[in-house]
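Undergrad: Once you've had a glance at the structure underneath, I'll fire off some questions.
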Amino acid sequence: MTADQLLADTAWLKRLAVSLAGNADDADDLVQESRIAAWQRAPDRSRSLRPWLTKVVRDLAGMRRRSTARRLVREQAAIDDSEPARPDALLAQMRLHKLLVEMVLELDEPYRSTIIARFVEGRSAVAIARAAGIPESTVRGRLRDGLIALRALLDARTGDRTAWAPAVLAFAPRGTSWVPGIIAVAAAAGILLVMVSRSALTAAPAGGARANAAAVRRGDVAPSATTASAHATPIASASRPWWDVPGVVLRPLAGTVITADGAPIAGAIIQLYGWGAQVTGVPEATLVTDEAGAFRFASPRNATIYRIVTTARGFAGTTAMADPRAPRHEQDPERIAIVLERCGATVEGTVMDSVGGPIVGASVSAGTGENPFDAATQTGADGHYALCVESEASRLHVGADGYEHVIRAIDARGIQRVDVELAPGASVSGRIVDDETGEPVANAQVFVASRLASLRQALSAADGTFEIEGIAADLVWLNVWSADHVLPRAISFEAIASRRSTPIEVRMAAGTSVGGTVRANGRPVPGASIRFDSPTPLGPMTSMRAVAGPDGRFLAINVARIEGVTVRVDGAEVASPSVIDTRALIGDLAIDVREGPVLRGHVMRHGAPVAGATVTVAVPRSSRATATNHTRTDASGGFELPAPAQPTFEVTAQSAATGSATARPTRVVTGTDVDLELDAAAVIEGRVVGEDGAPLTGVVVAAGDARLAISAVDGAFRIAQLAGGEYVLRVAASIESASLAWAGAPPSCAPVMRGSRGCSSRSSRRGRRSAVAWSTRRAVRFPMRSCGAAA
Numbered sequence: 007m008t009a010d011q012l013l014a015d016t017a018w019l020k021r022l023a024v025s026l027a028g029n030a031d032d033a034d035d036l037v038q039e040s041r042i043a044a045w046q047r048a049p050d051r052s053r054s055l056r057p058w059l060t061k062v063v064r065d066l067a068g069m070r071r072r073s074t075a076r077r078l079v080r081e082q083a084a085i086d087d088s089e090p091a092r093p094d095a096l097l098a099q100m101r102l103h104k105l106l107v108e109m110v111l112e113l114d115e116p117y118r119s120t121i122i123a124r125f126v127e128g129r130s131a132v133a134i135a136r137a138a139g140i141p142e143s144t145v146r147g148r149l150r151d152g153l154i155a156l157r158a159l160l161d162a163r164t165g166d167r168t169a170w171a172p173a174v175l176a177f178a179p180r181g182t183s184w185v186p187g188i189i190a191v192a193a194a195a196g197i198l199l200v201m202v203s204r205s206a207l208t209a210a211p212a213g214g215a216r217a218n219a220a221a222v223r224r225g226d227v228a229p230s231a232t233t234a235s236a237h238a239t240p241i242a243s244a245s246r247p248w249w250d251v252p253g254v255v256l257r258p259l260a261g262t263v264i265t266a267d268g269a270p271i272a273g274a275i276i277q278l279y280g281w282g283a284q285v286t287g288v289p290e291a292t293l294v295t296d297e298a299g300a301f302r303f304a305s306p307r308n309a310t311i312y313r314i315v316t317t318a319r320g321f322a323g324t325t326a327m328a329d330p331r332a333p334r335h336e337q338d339p340e341r342i343a344i345v346l347e348r349c350g351a352t353v354e355g356t357v358m359d360s361v362g363g364p365i366v367g368a369s370v371s372a373g374t375g376e377n378p379f380d381a382a383t384q385t386g387a388d389g390h391y392a393l394c395v396e397s398e399a400s401r402l403h404v405g406a407d408g409y410e411h412v413i414r415a416i417d418a419r420g421i422q423r424v425d426v427e428l429a430p431g432a433s434v435s436g437r438i439v440d441d442e443t444g445e446p447v448a449n450a451q452v453f454v455a456s457r458l459a460s461l462r463q464a465l466s467a468a469d470g471t472f473e474i475e476g477i478a479a480d481l482v483w484l485n486v487w488s489a490d491h492v493l494p495r496a497i498s499f500e501a502i503a504s505r506r507s508t509p510i511e512v513r514m515a516a517g518t519s520v521g522g523t524v525r526a527n528g529r530p531v532p533g534a535s536i537r538f539d540s541p542t543p544l545g546p547m548t549s550m551r552a553v554a555g556p557d558g559r560f561l562a563i564n565v566a567r568i569e570g571v572t573v574r575v576d577g578a579e580v581a582s583p584s585v586i587d588t589r590a591l592i593g594d595l596a597i598d599v600r601e602g603p604v605l606r607g608h609v610m611r612h613g614a615p616v617a618g619a620t621v622t623v624a625v626p627r628s629s630r631a632t633a634t635n636h637t638r639t640d641a642s643g644g645f646e647l648p649a650p651a652q653p654t655f656e657v658t659a660q661s662a663a664t665g666s667a668t669a670r671p672t673r674v675v676t677g678t679d680v681d682l683e684l685d686a687a688a689v690i691e692g693r694v695v696g697e698d699g700a701p702l703t704g705v706v707v708a709a710g711d712a713r714l715a716i717s718a719v720d721g722a723f724r725i726a727q728l729a730g731g732e733y734v735l736r737v738a739a740s741i742e743s744a745s746l747a748w749a750g751a752p753p754s755c756a757p758v759m760r761g762s763r764g765c766s767s768r769s770s771r772r773g774r775r776s777a778v779a780w781s782t783r784r785a786v787r788f789p790m791r792s793c794g795a796a797a
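Be aware that the sequence shown starts at 7, since it is given in my numbering, and climbs by one per residue.
Following this line, the structure appears as structure tokens:
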């Protein structure tokens, strides 16, 4: 092989190696090893080297990962956890980590800030380089030199490396369970470790260990594993992220964490994700509930909706939503009820690369939407994960550094097994500019998502550039939110595994802000939600929601500069002005509204209030009802939400935590309140087996149009929240596919009382407890009558 042949494809080979290795240093090694292999093995020079080199690099990367995984297992096994550490050993470890924090603070700049940004804030070298406006190689050099300096200081102050390395390894994180322990130790002892927030590195909280622990529980301090970089690093631009709206009154986010029967849960870990934290992927703040299950985040930073992720030992994690601007008719931000379910459903499996090697440290979370910021775990050295999930969870988010981030459908019943193969992630970069002036748009939030991909996002730098990695191969859509610019329509492009797309220039139209007051009958309307719809050829483009403060004043950003903009106020009819021209700056818009009807009530189960239940309002239209609004009940089971402008409408409620729902919609006359009883709690359960009696996993079992389940690893399924009556069971390989045939006669089910368990039948073929027997002979639908009498 000639030198020219070996070096001809360096650029694409380096990109492939980076996607597989996850960092540039390892990628360089892979490229070098592939060249050596080409030189030694002399492949056919009459053909393109690309396919051959691609396989070589993938094989080398797989061997490296497997070697690393085995090494991690050996290192982990070397740490003996069979016996608790001695008090003197723990004291030595704490002293060492206190010393490590001091040494980080003693580093010269720029090494100190780079170490903090990488290991405390958790930002990647790419993100650090972009924020500082320097090459990525410079950041990596600073990290390398800073770590060398830290090792030298540790050697000088503690002796040989063999003396301090075991103490560091003893505190090394195992999975995700280490965060609460480190937080609790730091709070109780008054010692701040290198894992706590950047602001905490400057000084320990005053008042001693007891005061510090109480402050953590109140939420007055934020012992998060990292701090959102959007707030930890000064923004080098006159622009601001859209969620930092000036002059907005933000109330604390507070409430209680309870079980389905109302018992408080002490010691639950709560992580707060505002939009700034969602860009960085780390929580804005973290705290622990007190003995009464109470929590309080005293100072939320973002003028938008927050995600509150809650986990506790023995319970499935959950995510609640709350808005510190306190929109009217929505959940009171200081009376949030978070209901945790006992761990009864688990999703487990293995995350692998394209050659079958385990991926260590992949993130796995479960939730209901496209956003991956939910209760999460990480894969171990063998690539395995196990995650307890709540019954509402329907999507699994899986991703890893250097790989794609994908969504998989799940059904939270029994034990689901979901093995995921991750391809090298695609990436996209580009620059956001003003459409008229060509000037860069800084601090714009860039989103990339698709049907198969988890939401990926980034914040544009001072020069308008952005880069997003870990995108799943698919047709994806890119959208941008900005405080002072608007994007009329999303941009689509094809993401290809391990490939960087052609840089995208995103041209955004200059937007404007609209300020003013919302009034009804001459009085201000606190908490009014205001939106502005701008006309476009593809339909109205809606601005970000603004919420009026206690005096009725609001400031709306991200409004298009155009005539014919429609004014909307949720739950009210706009009397004047209904249409405005925003081409001129509007600073004191007086919006007069006629307030609409409000629906209030309570959700009960056997006479007891149900917290955290979902209440949905729908308007009947011809043969079906269309949902118009929904909310969740507070700790007292109460709810309040705008009612439709209709004489009558329907209301339903359901609680996944209690496994119950309203048996049928309740017809409500406008202007009246309603109490809803969760009287539908019947269950159809059983197993799905093949003709040979072996359990079938991942098969869809639907009870008519009511609800469906997916069979677990043992073939078990469970369809809950049924009202009783007659149901037609349909079994299929997927939701979209045709029904499968019964092997033998369909099973039967004895009638049951509403609210009790039903439908546990025995197969007529083998006497095995089974609700469904499966065969691929023909696709036929069979009726199954079950779960009959009303209570």
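Note that the Cβ used here is the ideal one computed from N, Cα and C, for glycine as well.
Of the residues R136, G128, M109, which one's Cα is nearest the Cα of G152?
TA: Numbered from its first residue, the sequence shown carries residue 152 at position 146. Answer by Cα proximity: M109.
Undergrad: Does the segment 58 to 70 come into contact with the segment 357 to 366, if we say contact requires no fewer than three beta-carbon pairs (one atom in each stretch) closer than 8 Å?
TA: With a cut-off of 8 Å, the segment 357 to 366 and the segment 58 to 70 count as touching, because enough Cβ pairs lie within range.
Undergrad: Count the C-beta pairs between the segment 330 to 340 and the segment 537 to 545 that are closer than 8 Å, then say yes if the count reaches three, no if not.
TA: In short, these stretches do not touch, since the Cβ pair count stays below three.
Undergrad: Tell me the DSSP secondary structure of G702 in three-state form.
TA: Within the sequence shown, the letter at position 696 stands for residue 702. A small fix is needed here, since residue 702 is Leu in this sequence, not Gly. L702: coil per DSSP, three-state reduction.
Undergrad: Could you tell me the distance, in whole angstroms, from the CA atom of V623 to the CA atom of V719?
TA: Taking the sequence shown and counting its residues from 1, the one referred to as residue 623 is at position 617. Taking the sequence shown and counting its residues from 1, the one referred to as residue 719 is at position 713. Approximately 37 Å, taken between the alpha carbons.
Undergrad: Going by the beta-carbon positions, is the gap between T676 and A266 smaller than 9 Å?
TA: Here residue 676 is taken as the residue at index 670 of the sequence shown, counted from 1. Here residue 266 is taken as the residue at index 260 of the sequence shown, counted from 1. No, the pair does not count as a contact, with Cβ atoms beyond the cut-off.
Undergrad: With a Cβ-Cβ cutoff of 9 Å, do T295 and I271 count as a contact?
TA: Position 289 of the sequence shown, counted from the first residue, corresponds to residue 295. Position 265 of the sequence shown, counted from the first residue, corresponds to residue 271. Yes, they are a contact pair.
Undergrad: What beta strand (DSSP E) runs, 3 residues minimum, are completely inside the segment 633 to 660?
TA: Entirely contained in the segment 633 to 660, the beta strand (DSSP E) runs reaching 3 residues are, in chain order, 644 to 648.
Undergrad: Roughly how many angstroms separate the alpha carbons of G181 and A33, rounded to a whole number?
TA: Within the sequence shown, the letter at position 175 stands for residue 181. Within the sequence shown, the letter at position 27 stands for residue 33. Note that G181 scores a pLDDT of 33, beneath 50, so its modelled location is shaky and nothing firm can be said.
Undergrad: Just to confirm before moving on: does the CB-CB distance between W248 and I563 stay below 9 Å?
TA: By 1-based counting over the sequence shown, the position of residue 248 is 242. By 1-based counting over the sequence shown, the position of residue 563 is 557. Yes. Within cutoff.
Undergrad: Do V452 and I416 count as a contact pair if the criterion is CB distance below 9 Å?
TA: Taking the first residue of the sequence shown as 1, we reach residue 416 at position 410. Taking the first residue of the sequence shown as 1, we reach residue 452 at position 446. Their beta carbons are not under 9 Å apart, which means I416 does not touch V452 by this criterion.
Undergrad: Tell me, which residues are paired with H806 by DSSP?
TA: This structure cannot settle anything about residue 806, because the visible part of the chain is limited to 7 through 797.
Undergrad: Nearest to V604 by CA position, among F645, P546, I597, is which residue?
TA: Taking the sequence shown and counting its residues from 1, the one referred to as residue 604 is at position 598. Comparing Cα positions, the closest option is F645.
Undergrad: Quick one: what does DSSP say S770 is sitting in, helix, strand or coil?
TA: Here residue 770 refers to the residue found at position 764 when the sequence shown is read from its first residue. With a pLDDT of 28 at S770, under the threshold of 50, the modelled position of that residue is not reliable, and no figure is offered here.
Undergrad: From what residue to what residue does the beta strand (DSSP E) around R673 run?
TA: As a working note, residue 673 is residue 667 in the sequence shown. From DSSP, the beta strand (DSSP E) with R673 extends over 672 to 675.
Undergrad: Measuring only the C-alpha atoms, how far is H636 from V706?
TA: As a working mapping, residue 636 is identified with position 630 in the sequence shown. As a working mapping, residue 706 is identified with position 700 in the sequence shown. Whole-angstrom Cα-Cα distance: 28 Å.
Undergrad: So, using beta-carbon positions, are Q660 and V625 closer together than 9 Å?
TA: Locating residue 660 in the sequence shown gives position 654, where the first residue counts as 1. Locating residue 625 in the sequence shown gives position 619, where the first residue counts as 1. No, these two residues do not count as a Cβ contact at 9 Å.
Undergrad: CA-CA distance, R775 and R736?
TA: Taking the first residue of the sequence shown as position 1, residue 775 is located at position 769. Taking the first residue of the sequence shown as position 1, residue 736 is located at position 730. Reliability of the predicted coordinates at R775 is poor, the pLDDT of 30 falling under 50, and no value is obtained from them.
Undergrad: With a Cβ-Cβ cutoff of 9 Å, do G254 and L465 count as a contact?
TA: The sequence position of residue 254 within the sequence shown is 248, counting from 1. The sequence position of residue 465 within the sequence shown is 459, counting from 1. The identity of residue 254 in the sequence shown is Val, whereas the question assumes Gly. Contact flag unset, no.
Undergrad: To the nearest angstrom, how far is it from the Cα of M358 to the Cα of V439?
TA: Taking the first residue of the sequence shown as 1, we reach residue 358 at position 352. Taking the first residue of the sequence shown as 1, we reach residue 439 at position 433. Their backbone Cα atoms lie some 39 Å apart in a straight line.
Undergrad: If you drop the 5 nearest sequence neighbours on each side, which residues of the same chain put their C-beta closer than 6 Å to that of G812?
TA: Any property of residue 812 remains undetermined from this structure, which presents the chain solely from 7 to 797.
Undergrad: Leaving out the 5 sequence neighbours to the left and right, which residues in its chain are closer than 8 Å to L156 when beta-carbon positions are compared?
TA: Here residue 156 is taken as the residue at index 150 of the sequence shown, counted from 1. Cβ within range, chain order: L106, M109, V110, L113, I121.
Undergrad: Cβ atoms of V520 and I829: under 9 Å apart, would you say?
TA: The structure shown does not extend to residue 829, since the chain spans only 7 to 797, so no value can be given for it.
Undergrad: Hey, A343 and G139: beta-carbon distance below 9 Å or not?
TA: As a position in the sequence shown, residue 343 is number 337, starting the count at 1. As a position in the sequence shown, residue 139 is number 133, starting the count at 1. No, these two residues do not count as a Cβ contact at 9 Å.
Undergrad: Write down the C-beta distance between A432 and S507 rounded to the nearest angstrom, noting that I regard them as a contact closer than 8 Å.
TA: Position 426 of the sequence shown, counted from the start, is the residue given in the question as residue 432. Position 501 of the sequence shown, counted from the start, is the residue given in the question as residue 507. Yes, A432 and S507 are in contact; Cβ-Cβ is about 7 Å, under 8 Å.
Undergrad: Identify the residues that DSSP records as bridge partners of Q451: which are they?
TA: Locating residue 451 in the sequence shown gives position 445, where the first residue counts as 1. Beta-bridge pairing links Q451 to L465, W487.
Undergrad: So for R419, helix, strand or coil by DSSP?
TA: The sequence position of residue 419 within the sequence shown is 413, counting from 1. In this structure, R419 counts as coil in the three-state DSSP scheme.
Undergrad: Just verifying my parser: in three-state terms, what is the DSSP assignment at Q337?
TA: Walking along the sequence shown from the start, residue 337 turns up at place 331. Coil, per DSSP.
Undergrad: Quick check: what's the CA-CA separation for E347 versus V251?
TA: The residue labelled residue 347 in the question sits at position 341 within the sequence shown. The residue labelled residue 251 in the question sits at position 245 within the sequence shown. Looking at the two C-alpha atoms, the distance is approximately 36 Å.
Undergrad: Ignoring anything shorter than 3 residues, give me the beta strand (DSSP E) runs that lie fully in the segment 706 to 753, in order along the chain.
TA: Correct list: 706 to 709, 713 to 716, 722 to 728, 735 to 738.
Undergrad: Taking only three categories from DSSP, how would you classify E473?
TA: As a position in the sequence shown, residue 473 is number 467, starting the count at 1. In the structure shown, E473 sits in a strand (DSSP, three-state: E or B).
Undergrad: How long is the line joining the alpha carbons of T654 and D679, rounded to whole angstroms?
TA: Residue mapping note: residue 654 aligns to position 648 of the sequence shown, counting from 1. Residue mapping note: residue 679 aligns to position 673 of the sequence shown, counting from 1. Their Cα atoms are separated by approximately 12 Å.
Undergrad: Straight-line CA distance for R784 to R713?
TA: As a working note, residue 784 is residue 778 in the sequence shown. As a working note, residue 713 is residue 707 in the sequence shown. Bear in mind that a pLDDT of 29 at R784, under 50, signals an unreliable position, so the number given afterwards is only what the model happens to contain. Taking the straight line joining both Cα atoms gives about 24 Å.
Undergrad: With DSSP as the reference, label L428 as helix, strand or coil.
TA: As a position in the sequence shown, residue 428 is number 422, starting the count at 1. In this structure, L428 counts as coil in the three-state DSSP scheme.
Undergrad: I'd like the span of the alpha helix (DSSP H) that includes R4, first residue to last.
TA: Any question about residue 4 goes unanswered here, given that the chain covers just 7 to 797.
Undergrad: Compute the distance between the beta-carbons of T383 and S369, then report whether it is under 9 Å.
TA: Residue 383 sits at position 377 when you count from the first residue of the sequence shown. Residue 369 sits at position 363 when you count from the first residue of the sequence shown. Taking 9 Å as the Cβ cut-off, T383 and S369 qualify as a contacting pair.
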